[in-house]
Amino acid sequence: MIMMRLAWTSSRFAWGLLLALAGLGASIPGSVDAAEALTLDAAVTQALRANPNLKAVSLEHDALALEPEIARGARYPELELGSSYTHYSDPYLVHPIEQPGVFPPLDDDITSVGATMRLPLYAGGRLVAGESLAASRSESALQRLHASEQDLLFNVVATYAKALQLRDLTIAEGRRIEGLQAEVEAIQRKLDQGRAARLEVLRVQTRLSQAQFDQGATAQGERDAQGLLAALLGMPLRDRVLKELPNASFEVPGSADAAAELAAREHPQVRQAQAEWNAAADRLAIARGERLPEVDLVAETQTRRGDDWEGRDDWYVGMTLSVPLFDGGIRRKRVNQAEFERQQYRERLRGVVDDVTTEARAAFGGLQTADQRLQSARRALEEAEEALRIETRKYRAGRSTVTDLLSAEAARWTALASLNQAEYERFVADIRLYRALGRLTPTLFTGATSLPAESMSEGKGTS
1 MIMMRLAWTS
11 SRFAWGLLLA
21 LAGLGASIPG
31 SVDAAEALTL
41 DAAVTQALRA
51 NPNLKAVSLE
61 HDALALEPEI
71 ARGARYPELE
81 LGSSYTHYSD
91 PYLVHPIEQP
101 GVFPPLDDDI
111 TSVGATMRLP
121 LYAGGRLVAG
131 ESLAASRSES
141 ALQRLHASEQ
151 DLLFNVVATY
161 AKALQLRDLT
171 IAEGRRIEGL
181 QAEVEAIQRK
191 LDQGRAARLE
201 VLRVQTRLSQ
211 AQFDQGATAQ
221 GERDAQGLLA
231 ALLGMPLRDR
241 VLKELPNASF
251 EVPGSADAAA
261 ELAAREHPQV
271 RQAQAEWNAA
281 ADRLAIARGE
291 RLPEVDLVAE
301 TQTRRGDDWE
311 GRDDWYVGMT
321 LSVPLFDGGI
331 RRKRVNQAEF
341 ERQQYRERLR
351 GVVDDVTTEA
361 RAAFGGLQTA
371 DQRLQSARRA
381 LEEAEEALRI
391 ETRKYRAGRS
401 TVTDLLSAEA
411 ARWTALASLN
421 QAEYERFVAD
431 IRLYRALGRL
441 TPTLFTGATS
451 LPAESMSEGK
461 GTS
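Read the sequence shown against the UniProt record's numbering and you will find it ends at 463, with the numbers running on by one and no gaps.
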C-alpha cells in the first residue's frame, strides 16, 4: 500500500516563524546548562521508572508473572517430612503386631519419623487448565502494563509539548508587548507634536494592557503544564528548563480501515481482553474437571521407636481414587457460573475491539483534520501578515487610522496564536494515532528509527 509519511521537527512549533513574522531578529536567550535541562528522552525514561500508578501496575504484573511457575508446580510430587514424640501413662505398642505369637515391644515414650509422597496422576484436566489459566492471567497483566505505559507515554509527551508550546507563546507575547510599547511611544511623540489624538494613545495602551494580561494567562498555563508534567514524572521539576523536541518521524496506515484493522490486531487492550476471555475458558475447564474422578499415587515410609530405640520401619505405596457423587448440585452450578462468565468476557472482547477500532478511525480522521487545520493556519497567517504590512504603510502615510492598524495587528496575532496551536495539535494527533494503534513506544522519542512501512501495511488498503 501507499504509506503517508508524516514528520515533525524541533521547530518549537513554528517559533522561528513567529519571530520572523513579528519582525524580530533577536534569538532566544542563551543556552541552558545541560545539568539544568530536561530532555524529552529523560522525561520519558523518568516517567516509566518513577510514575507511581505505573509502578503499581508493574508490581501487579510481577506478581502474576509467577502464576505459571506455581501452576506447573502442581504437577510435581508433594513430599512431606513428619515426626512426633508421645509419652503414654502406660506402656504402649511401639509398632503393630507383625505375626501371630510375636508380641511387639512396649514403651511409654514413642518417637515416630516418616516421609509421605503424593503425585497427582489424573485430575479431570484441572492441572492442564490451571497452567493455561496462569498463563492467561500473566498475559493479561502484561498487556495491561503495556496499555498503561502507552497511556503514560502519551500524557508525558503531550504535556511536555504543551509546556513548550506555551513557553514559546509566552516569549512571542513578550515580543508583541515590546512592539506595542514602541508603538505607544511613537504615538506619544506624535501627540506631543500635535500630529495625533489622545484617543489613539489610549487605544494602543488598551491593546497593550490586553497583551500583558494574555501573557500572564499563558505563563500560568505553562506553569500548570509543568506541574502536571512533574506529577507524571514522579519528581519535582524545580527550575529545570525543557529542551526542544527531538526529530522524529511517524508512519501511519494509509486509510482509516487499515488503522482500525491494525488496532484490532495489535492494541494492548484487545490482547488483554483476549487473555481474559481465555482465562474464563480455563476456569470453565477447571469447573468441569471438579466433576470428574481424581487419581493420586501415594507412598509413605515411617519408623517408630521406643526409649531403647527398638522398633521397626514401615512403608507402603498405593493409589487413591476419588469420585464426586453428590454435593447438592454445587459443582454443576459452578460450571454454569463459569459458562456465563466466559460469555461475559467474550462480549467484553467484542466491545473492546469496537472501542479500539472506533478510536483508531477517529484518531486517523483527527490527524487529517489537524493537518488541514495546520495548512489553513499557515495561509491565514500569510494573509494577516500581508494585511498588517499594508495597514502599516497606510498608517505611516496618514491614509489610515490607528484603529485600522490595531485591528490588523490583532488579526495577525490571532493568526500567530492559531498557528502555534495548530502545530501543537498536529503533533499530538500523530502520537494519539500511534496510541490508538497500540504502537506508542519510548523509542519513537529517543532517536530510534520509526517502524518500517511493511509492518504497518500488512493486509491494508491503499490511501
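Cβ atoms here follow ideal geometry from the backbone N, Cα and C, with glycine treated the same way.
Within the region 213 to 289, note down every full alpha helix (DSSP H) run reaching 4 residues or more, in order along the chain.
Counting only runs of 4 or more, we get 256 to 266, 268 to 289.
Rounded to a whole number of angstroms, what is the C-alpha to C-alpha distance between R361 and Y424?
Along the sequence shown, one-based indexing puts residue 361 at 361. Along the sequence shown, one-based indexing puts residue 424 at 424. About 20 Å.
A197 (DSSP reduced to helix, strand or coil)
For this step, residue 197 is matched to residue 197 along the sequence shown. Three-state DSSP puts A197 in coil, outside helix and strand.
Straight-line CA distance for A42 to L229?
Numbered from 1 along the sequence shown, position 42 holds the residue referred to as residue 42. Numbered from 1 along the sequence shown, position 229 holds the residue referred to as residue 229. In a straight line, the C-alpha of A42 is about 12 Å away from that of L229.
So P246 and F445 are supposed to be a Cβ contact under 8 Å. How far apart are they, rounded?
The residue given as residue 246 occupies position 246 in the sequence shown. The residue given as residue 445 occupies position 445 in the sequence shown. With 8 Å as the limit, P246 and F445 qualify as a contact, their Cβ atoms being about 6 Å apart.
R331: first and last residue of the uninterrupted alpha helix (DSSP H) it sits in
As a first step, residue 331 is located in the sequence shown; it is residue number 331 there, counting from the start. Counting along the chain, the alpha helix (DSSP H) containing R331 begins and ends at 330 to 396.
Counting along the chain, where does the alpha helix (DSSP H) carrying W413 start and finish?
In the sequence shown, the residue the question calls residue 413 occupies position 413. That run of the alpha helix (DSSP H) goes 402 to 437.
Reference R167, options M235, L381, Q226, closest by Cα
On the sequence shown, residue 167 is found 167 positions in, with the first residue counted as 1. Per the Cα distances, Q226.
Could you check what DSSP says for Y160 in three-state terms: helix, strand or coil?
In the sequence shown, counting from the first residue as 1, residue 160 sits at position 160. The answer is helix: DSSP assigns Y160 an H, G or I state.
Tell me which same chain residues have a C-beta within less than 7 Å of the C-beta of P52, skipping the five on either side of it?
In the sequence shown, the residue the question calls residue 52 occupies position 52. Cβ within range, chain order: G234.
Terminal residues of the alpha helix (DSSP H) in which L54 lies
Within the sequence shown, the letter at position 54 stands for residue 54. Annotation: the continuous alpha helix (DSSP H) that includes L54 extends over 52 to 64.
Could you tell me whether the region 319 to 330 touches the region 265 to 280, using the rule of 3 or more Cβ pairs below 8 Å?
The answer is no - the region 265 to 280 does not touch the region 319 to 330, with fewer than three Cβ pairs under 8 Å.
On the CB-based measure, 16 or more other CB atoms within 10 Å of its CB, does A217 come out buried or exposed?
Within the sequence shown, residue 217 is the residue found at index 217, counting from 1. A217 is exposed by the Cβ-count criterion.
Got a sec? Which residues, its chain only, sit under 6 Å from L133 by beta carbon, not counting five neighbours each side?
Taking the first residue of the sequence shown as 1, we reach residue 133 at position 133. Excluding positions up to five away in sequence, the list reads A279, D282.
May I ask which residues mark the beginning and end of the alpha helix (DSSP H) holding I70?
As a working note, residue 70 is residue 70 in the sequence shown. Its alpha helix (DSSP H) spans residues 67 to 73.
Which listed residue (A415, E294, L325, V156) has its alpha carbon closest to that of L381
Here residue 381 refers to the residue found at position 381 when the sequence shown is read from its first residue. If we check each option's Cα against that of L381, A415 comes out closest.
Taking only three categories from DSSP, how would you classify T39?
Walking along the sequence shown from the start, residue 39 turns up at place 39. Collapsing the DSSP output to three states places T39 in coil.
Near A299, what residues of its chain come up, given a Cβ to Cβ distance below 6 Å and the 5 sequence neighbours on each side ignored?
Looking up residue 299 in the sequence shown gives position 299. Hits under 6 Å: M117, V317.
My guess is that R288 and A363 are in contact by the Cβ rule of under 8 Å, so how many angstroms apart are they, rounded?
What you label residue 288 is simply residue 288 of the sequence shown in a count that begins at 1. What you label residue 363 is simply residue 363 of the sequence shown in a count that begins at 1. That pair is no contact at about 42 Å.
Check this for me: beta carbons of E261 and A123, under 7 Å apart or not?
Taking the sequence shown and counting its residues from 1, the one referred to as residue 261 is at position 261. Taking the sequence shown and counting its residues from 1, the one referred to as residue 123 is at position 123. No, the pair does not count as a contact, with Cβ atoms beyond the cut-off.
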